[in-house]
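Take a look at the structure below.
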Amino acid sequence: MIGARMRSFVRRIGAAAGAVLFYVRRASTGNRGESKDRALLRFSEQAEQHFCFLQNKGFRCVRHDPTFVRFESQSLFVNLYHGRKSFELGLELGRLGSSENAFPMWHLLKAAAAPGAEKYLDYVARTPVAVENGLRRLAALFRGHVLEILSDPQLFRILDRQRSDEVERLERDVKLEQVRQALAVAWNSRDFDQVVRLLDPVKCELAPSELKKLQYARKRAQ
Numbered sequence: 003m004i005g006a007r008m009r010s011f012v013r014r015i016g017a018a019a020g021a022v023l024f025y026v027r028r029a030s031t032g033n034r035g036e037s038k039d040r041a042l043l044r045f046s047e048q049a050e051q052h053f054c055f056l057q058n059k060g061f062r063c064v065r066h067d068p069t070f071v072r073f074e075s076q077s078l079f080v081n082l083y084h085g086r087k088s089f090e091l092g093l094e095l096g097r098l099g100s101s102e103n104a105f106p107m108w109h110l111l112k113a114a115a116a117p118g119a120e121k122y123l124d125y126v127a128r129t130p131v132a133v134e135n136g137l138r139r140l141a142a143l144f145r146g147h148v149l150e151i152l153s154d155p156q157l158f159r160i161l162d163r164q165r166s167d168e169v170e171r172l173e174r175d176v177k178l179e180q181v182r183q184a185l186a187v188a189w190n191s192r193d194f195d196q197v198v199r200l201l202d203p204v205k206c207e208l209a210p211s212e213l214k215k216l217q218y219a220r221k222r223a224q
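For the sequence shown, my numbering gives the first residue as 3, with consecutive numbering after it.
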């Protein structure tokens with residue numbers, strides 16, 4: 003089984019105002035007095051209001067539901083959503099077409115070389131105040147970093163490359179996690195031949211302590 007950090011990374015695959023990004027925390031302020039009626043949270047109204055600047059870029063709102071708002075231009079779409087179970091405020095960008103491949107906000111921030119893009123997490127909002135605050139900050143990030151790169155003809159090539167790189171990274175991390183679990187068994191049973199077989203193919207990605215184990219196992223392997 004993969005660890006909690008890996009599960010978080012997998013979810014991201016399944017996937018600003020000023021120089022500092024707004025880092026979202028799971029326990030966000032303004033979430034007291036949670037509302038169970040999603041319409042009362044006024045997500046769609048607030049989303050249209052805070053992202054009205056998209057109209058100046060040729061977008062128009064084509065759908066607004068209690069948990070989902072969509073803007074479209076002639077070639078692009080922007081999806082804004084409020085997770086039905088997670089209550090996370092999220093944004094996706096993609097190209098219109100038969101196969102709509104959407105890219106999440108953190109991919110867009112990374113493509114824009116925004117400071118701290120790798121640490122971005124979706125904002126959790128369970129009250130009208132939290133929804134308004136979260137959408138205001140999300141809009142500021144988008145306007146401050148992403149809006150200017152929408153006209154870049156290389157944007158989606160960059161986004162596709164980022165996604166491929168993340169998939170490759172995920173595969174390496176999953177493999178390393180599996181190797182480390184098998185290593186614990188082999189090391190505890192003093193099966194040094196198995197330790198060498200496990201660690202040698204991934205030696206370039208090992209921690210110093212693991213490299214020491216590999217060196218020790220090589221000396222004692224039959």
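Even glycine gets a Cβ: it sits at the ideal position worked out from N, Cα and C.
- Residue interval of the alpha helix (DSSP H) (run including Val64): Indexing the sequence shown from 1 puts residue 64 at position 62. Premise fails: Val64 lies in the beta strand (DSSP E), 62 to 67, not in any alpha helix (DSSP H).
- Message: Relative to the C-alpha of Ala141, which candidate in Leu43, Arg44, Phe55 has its C-alpha closest?
- Response: Translated into the one-based positions of the sequence shown, residue 141 becomes position 139. Comparing Cα positions, the closest option is Phe55.
- Message: According to DSSP, simplified to helix, strand and coil, what is Pro210?
- Response: Your numbering for residue 210 matches position 208 in the sequence shown. If DSSP states are grouped into helix, strand and coil, Pro210 belongs with the helices.
- Message: Taking the straight line between their C-alpha atoms, what separation do you get for Ala209 and Gln196?
- Response: In the sequence shown, the residue the question calls residue 209 occupies position 207. In the sequence shown, the residue the question calls residue 196 occupies position 194. Using only the alpha carbons, I get a separation of about 18 angstroms.
- Query: Which residues bound the beta strand (DSSP E) around Asn81?
  - Reply: To locate residue 81, count along the sequence shown from 1; it is residue 79. Taken as a continuous stretch (DSSP letters only), the beta strand (DSSP E) holding Asn81 covers 78 to 84.
- Item | Proximity below 7 angstroms, CB of Glu94 to CB of Pro106 | Sequence index remark: in the sequence shown, residue 94 carries index 92 (1-based). Sequence index remark: in the sequence shown, residue 106 carries index 104 (1-based). The answer is yes: Cβ separation under 7 angstroms.
- Task: Rounded to whole angstroms, what's the CA-CA distance from Arg192 to Glu212? Just pull it up for me.
- Result: The residue labelled residue 192 in the question sits at position 190 within the sequence shown. The residue labelled residue 212 in the question sits at position 210 within the sequence shown. Each residue's Cα considered, the two are about 15 angstroms apart.
- Query: For Glu74, which beta-bridge partners are listed by DSSP?
  - Reply: Here the question's residue 74 lines up with position 72 in the sequence shown. DSSP lists Arg62, Phe79 as partners of Glu74.
- Where does the unbroken beta strand (DSSP E) through Gly96 begin, and where does it stop? Counting from one through the sequence shown, the residue named residue 96 turns up at place 94. Unbroken beta strand (DSSP E) run through Gly96: 90 to 97.
- As assigned by DSSP and simplified to three states, the class of Pro117: Here residue 117 refers to the residue found at position 115 when the sequence shown is read from its first residue. Reduced to three states, the DSSP call for Pro117 is coil.
- Query: When DSSP builds the beta bridges, which residues end up paired with Tyr125?
  - Reply: Position 123 of the sequence shown holds residue 125. Partner(s): Leu91.
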